[in-house]
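Engineer: Under my numbering, the first residue of the sequence shown carries the number 9, and numbering increases by one thereafter.
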Amino acid sequence: MRKIMIVGAGDLGRRVCTDLAHSDRPWAVRLVGRAQDAVQRHVNLVRFSALQRGCHGRVDCALTDLNDIDRTAEVIADFGPDVVFLASSLQSWWVITTLPVQQFQRLYAANFGPWLPMHLVPVHKAMQAIRTAHSQAIVVNAAYPDAVHPVLAGVGLAPHVGIGNIANNVPALRYSAGEILGIAPAEVDIRVVAHHYVSHRLSRTNDINPSQLRIAILADGRDVMPDVGVIPLLKPLTREYRRTGGLAGQAMTAASAISVLVPLLEQREALVHAPGPLGLPGGYPVVVGSGPIRLALPPDTTNEEAVIVNQSGQVDDGICEIGDDGSVLFRQSTMDVMRQELGYYCVKMPLSEAEDRARELGARFARYREKAEITGSRHA
């Protein structure tokens, strides 16, 4: 029986746990969280609803706090997972979308890079626990893999691959390409290289810098992307193929996670899209499931070119450079927004300072949100 451990019992972890359990595959799923009552209740909900649908996989739970690396290592060693899915963050990406509109728009202008410490810290601790447990599991991470993985690669602790981000747009791109080519979306073989910054905007705006994106559509042994055209391909994503975002939109992220996790559990080769493979920055088409994870880039795109494309998007996301030692240099204009809105300012962050930065950032955002909510209620 193949075994998967889901570390993090928040919205995404619970969705993935449910999706995996509602399957006829004979694998064991263990959901790991901090709050015993909440985790147990969700696991029971998953068990009972799965059984009601005729699914009989093994689902259970365990407790740990990622701050306790030794305890987490014990939990991992006890279960012996084949795959570990990290769904832990100190502040999920969608939280700022719950702000009043004006405050959200001002803070959104900083882009996603400055929030890196909130995602980096729990992943770093989880990876230390995995190493302590001497686990050979394949590690899949959901928390900002585009940047978290190259940071941790510098200290030899990068997860094997991420999920979401560029992958979330691939189905819409396949629909769009299929309509243009007159074929079913399932028949579209598309290869996309893009950083989180670009993928986040594909379904929101047509203002995309072509140099920050590589797309190939393979048909009859050749790339037909020149026949399709970038603008006709992308335009429908902001119109007829636009989708729900925010917390409800996590259904798409969970689906992207499943597209990676299931082939890994089945040891079945599959071409998917994923961020942060092999510790690289940004998102790529990759082959997973049988043997080592490997890139499956568009024709005539080298590994070096793909990395450069993603690093360009990384800068616009607010991160100028990630050093070989895991240090991060943030973009000045990005930090100017964070200082103006939150009073938070950090241009350079060694990995050793990430936890302190996350603590400060979390506290400043909490005060910002409280003030925004009070102001909003006065004007209601």
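Cβ atoms here follow ideal geometry from the backbone N, Cα and C, with glycine treated the same way. Predicted model only: the values in this text are computed from it and were never measured.
Tell me whether Val36 is buried or exposed, calling it buried when 16 or more other Cβ atoms sit within 10 Å of its Cβ.
Structural biologist: Start at 1 with the first residue of the sequence shown, and residue 36 comes out as number 28. Note that residue 36 corresponds to Ala in the displayed sequence, not to Val. Answer is buried; the Cβ neighbour count reaches 16.
Engineer: Taking C-alpha atoms, which residue in Gly16, His50 and Glu361 lies nearest to Ala134?
Structural biologist: Residue mapping note: residue 134 aligns to position 126 of the sequence shown, counting from 1. The candidate whose alpha carbon is nearest that of Ala134 is Gly16.
Engineer: Suppose you measure from the CA of Glu277 to the CA of Arg377; what does that come to, to the nearest Å?
Structural biologist: If you number the sequence shown from 1, residue 277 lands on position 269. If you number the sequence shown from 1, residue 377 lands on position 369. If you take the alpha carbons of Glu277 and Arg377, they lie about 45 angstroms apart.
Engineer: How would you call Thr261, buried or exposed, if buried means at least 16 neighbouring beta carbons within 10 angstroms?
Structural biologist: Within the sequence shown, residue 261 is the residue found at index 253, counting from 1. Buried, by the Cβ-count rule.
Engineer: What did DSSP end up calling Ala209 once you bin it into helix, strand or coil?
Structural biologist: Taking the sequence shown and counting its residues from 1, one reaches residue 209 at position 201. Checking the sequence, you will find Arg at residue 209 rather than Ala. Of the three classes helix, strand and coil, the one that applies to Arg209 here is helix, per DSSP.
Engineer: Along the alpha helix (DSSP H) that carries Asn318, what are the first and last residues, could you check?
Structural biologist: As a working mapping, residue 318 is identified with position 310 in the sequence shown. Residues Asn311 to Asp324.
Engineer: Checking 9 angstroms against the spacing of the C-beta atoms, do Leu359 and Val232 come in under that value?
Structural biologist: The residue given as residue 359 occupies position 351 in the sequence shown. The residue given as residue 232 occupies position 224 in the sequence shown. No. Outside cutoff.
Engineer: With a threshold of 8 angstroms, are at least 3 pairs of Cβ atoms found where one atom belongs to the region 167-175 and the other to the region 105-120?
Structural biologist: The region 167-175 vs the region 105-120: no contact.
Engineer: What three-state label does DSSP hand Glu329 in the structure shown?
Structural biologist: Taking the sequence shown and counting its residues from 1, one reaches residue 329 at position 321. Strand at Glu329.
Engineer: Which residues in the same chain as Gly21 place their Cβ atom closer than 7 angstroms to its Cβ, once the five residues preceding and following it in sequence are excluded?
Structural biologist: Locating residue 21 in the sequence shown gives position 13, counting from the first residue. The answer, listed in chain order, is Ile14, Leu39 and Ala95.
Engineer: Give a yes or no on whether the C-beta atoms belonging to Ile216 and Arg209 are separated by under 9 angstroms.
Structural biologist: The count along the sequence shown starts at 1 and reaches residue 216 at position 208. The count along the sequence shown starts at 1 and reaches residue 209 at position 201. In this structure, Arg209 lies closer than 9 angstroms to Ile216 by Cβ.
Engineer: Under three-state DSSP, which class holds Val109?
Structural biologist: Numbered from 1 along the sequence shown, position 101 holds the residue referred to as residue 109. In the structure shown, Val109 sits in a helix (DSSP, three-state: H, G or I).
Engineer: Please name the residue in Gly172, Pro179 and Val280 whose C-alpha comes closest to that of Ala150.
Structural biologist: Residue numbering aside, residue 150 sits at position 142 when the sequence shown is read from its first letter. Ranking Gly172, Pro179 and Val280 by Cα distance to Ala150 puts Gly172 first.
Engineer: For Ile225, count neighbouring Cβ atoms within 10 angstroms of its own Cβ and tell me buried if that reaches 16, exposed if not.
Structural biologist: Working through the sequence shown from its first residue, we reach residue 225 at position 217. With 16 or more Cβ atoms within 10 Å of its Cβ, Ile225 is classed as buried.
Engineer: DSSP on Ile198, reduced to helix/strand/coil?
Structural biologist: As a first step, residue 198 is located in the sequence shown; it is residue number 190 there, counting from the start. Here Ile198 sits in strand by DSSP.
Engineer: Keeping to the same chain, check which residues put their C-beta closer than 6 angstroms to that of Arg23; ignore five residues upstream and five downstream.
Structural biologist: The residue you call residue 23 lines up with position 15 of the sequence shown. So the list reads Ala262, once near-sequence residues are dropped.
Engineer: In chain order, what residues of the same chain lie with their CB nearer than 6 angstroms to the CB of Leu124, ignoring the 5 residues before and after it?
Structural biologist: Within the sequence shown, numbered from 1, the residue matching residue 124 stands at position 116. Answer for Leu124: Ala155, listed in chain order.
Engineer: From what residue to what residue does the alpha helix (DSSP H) around Asp86 run?
Structural biologist: Start at 1 with the first residue of the sequence shown, and residue 86 comes out as number 78. Looking at the DSSP string, the run of the alpha helix (DSSP H) that includes Asp86 is Ile77 to Phe87.
Engineer: What number of angstroms, rounded off, separates the C-alpha of Ser335 from the C-alpha of Ala362?
Structural biologist: The sequence position of residue 335 within the sequence shown is 327, counting from 1. The sequence position of residue 362 within the sequence shown is 354, counting from 1. So the two alpha carbons sit approximately 9 angstroms from each other.
Engineer: Keeping to the same chain, check which residues put their C-beta closer than 8 angstroms to that of His142; ignore five residues upstream and five downstream.
Structural biologist: For the purposes of this step, residue 142 is identified with residue 134 of the sequence shown, where counting begins at 1. Only Ala85 meet the Cβ criterion.
Engineer: Starting from Phe120, trace the alpha helix (DSSP H) in both directions and tell me its first and last residue.
Structural biologist: For the purposes of this step, residue 120 is taken as residue 112 along the sequence shown, with counting starting at 1. Note, Phe120: premise wrong, no alpha helix (DSSP H); not H, not E.
Engineer: Which residue comes first and which comes last in the alpha helix (DSSP H) that contains Asn176?
Structural biologist: Taking the sequence shown and counting its residues from 1, the one referred to as residue 176 is at position 168. Here the alpha helix (DSSP H) through Asn176 covers Ile174 to Leu189.
Engineer: What are the start and end residues of the alpha helix (DSSP H) that includes His157?
Structural biologist: Counting from 1 along the sequence shown, the entry for residue 157 is found at position 149. Residues Pro153 to Ala161.
Engineer: Taking the alpha carbon of Phe93 as the point to measure from, which residue in Pro293, Glu82 and Leu273 has its own alpha carbon closest?
Structural biologist: Translated into the one-based positions of the sequence shown, residue 93 becomes position 85. Among Pro293, Glu82 and Leu273, the Cα nearest to that of Phe93 belongs to Leu273.
Engineer: Just how far apart, CA to CA, sit Ala388 and Thr105?
Structural biologist: The sequence position of residue 388 within the sequence shown is 380, counting from 1. The sequence position of residue 105 within the sequence shown is 97, counting from 1. Any answer about Ala388 is weak, because its pLDDT of 46 lies below 50 and its placement is not dependable; what the coordinates show is given next. Cα to Cα, the separation comes out at about 19 angstroms.
Engineer: Going by the CB atoms, is the gap between His157 and Gln319 shorter than 9 angstroms?
Structural biologist: The residue labelled residue 319 in the question sits at position 311 within the sequence shown. The residue labelled residue 157 in the question sits at position 149 within the sequence shown. Contact flag unset, no.
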